[in-house]
Amino acid sequence: MRKIVAGKLHGITVTGAELNYHGSITLDPNHCEEAGILPLEFVEIWNRNSGARISTYVILGERGSRCCILNGAAARTCQPGDQVIICNSVYVPEEEIVALRPRVLTFDADNRIASRLTYEVTRDAVGRYHFAVRNGQGTA
4 MRKIVAGKLH GITVTGAELN YHGSITLDPN HCEEAGILPL EFVEIWNRNS GARISTYVIL
64 GERGSRCCIL NGAAARTCQP GDQVIICNSV YVPEEEIVAL RPRVLTFDAD NRIASRLTYE
124 VTRDAVGRYH FAVRNGQGTA
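Right, here's the structure in full:
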């Protein structure tokens with residue numbers, strides 16, 4: 004089994020940091036649904052400002068709020084205004100990688116979705132892998 008990217012929120016801006024909370028990251032359900040991220044799912048968070056890399060689980064915030072709030076210990080790694088990348092993953096047998104179509108959302112400064120992308124892996128006749136980023140309509 005290989006750990007593969009399943010979905011990604013790329014360049015979303017942190018809107019809050021709540022140290023005295025149970026833990027986790029609070030995200031807008033609209034963003035989660037579009038990227039295929041589930042409540043209580045563990046995600047990796049990579050801070051583009053500081054380079055910090057952490058793992059925590061997702062809780063859903065208010066629908067339409069465009070929130071991205073780090074809670075508990077995770078609040079020490081990100082500050083409001085930081086841009087982060089949030090990625091979930093899935094374990095699959097290697098031969099199933101070509102069937103995956105991870106959904107990637109990119110964001111503007113106000114956490115509105117700027118683009119919808121998918122990742123695509125194909126395999127040629129001699130078994131070499133090829134990678135492409137496709138726009139939301141499935142074209143390069």
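As numbered in our numbering, residues 4 to 143 make up the sequence shown, in order.
The beta-carbon is built from N, C-alpha and C at its ideal position, and this holds for glycine as well.
Opening and closing residue of the alpha helix (DSSP H) in which residue i lies
i           : result
residue 138 : Unbroken run through residue 138 is the beta strand (DSSP E), 132 to 138; no alpha helix (DSSP H).
residue 44  : Element bounds for residue 44: n/a, residue is neither H nor E.
Best match in the options for proximity to residue i [C-alpha to C-alpha]
i           : options          : result
residue 60  : 28, 17, 53       : 28
residue 42  : 48, 9, 49, 32    : 32
residue 73  : 13, 22, 39       : 22
residue 114 : 88, 92, 125, 133 : 88
residue 20  : 57, 30, 54, 77   : 77
Reduced DSSP secondary structure (H/G/I, E/B, other) of residue i
i           : result
residue 105 : coil
residue 55  : coil
Identified DSSP bridge partners for residue i
i          : result
residue 20 : 73
Limits of the unbroken beta strand (DSSP E) element including residue i
i           : result
residue 124 : 116 to 126
residue 100 : No beta strand (DSSP E) contains residue 100, which DSSP labels as neither H nor E.
9 Å Cβ cutoff, residue i in contact with chain C
i          : result
residue 57 : Absent from the structure is chain C; it holds one protein chain and no more.
Quick one: which unbroken beta strand (DSSP E) runs of 3-plus residues sit fully inside the segment 51 to 98? Chain order, please. 56 to 63, 71 to 74, 86 to 95
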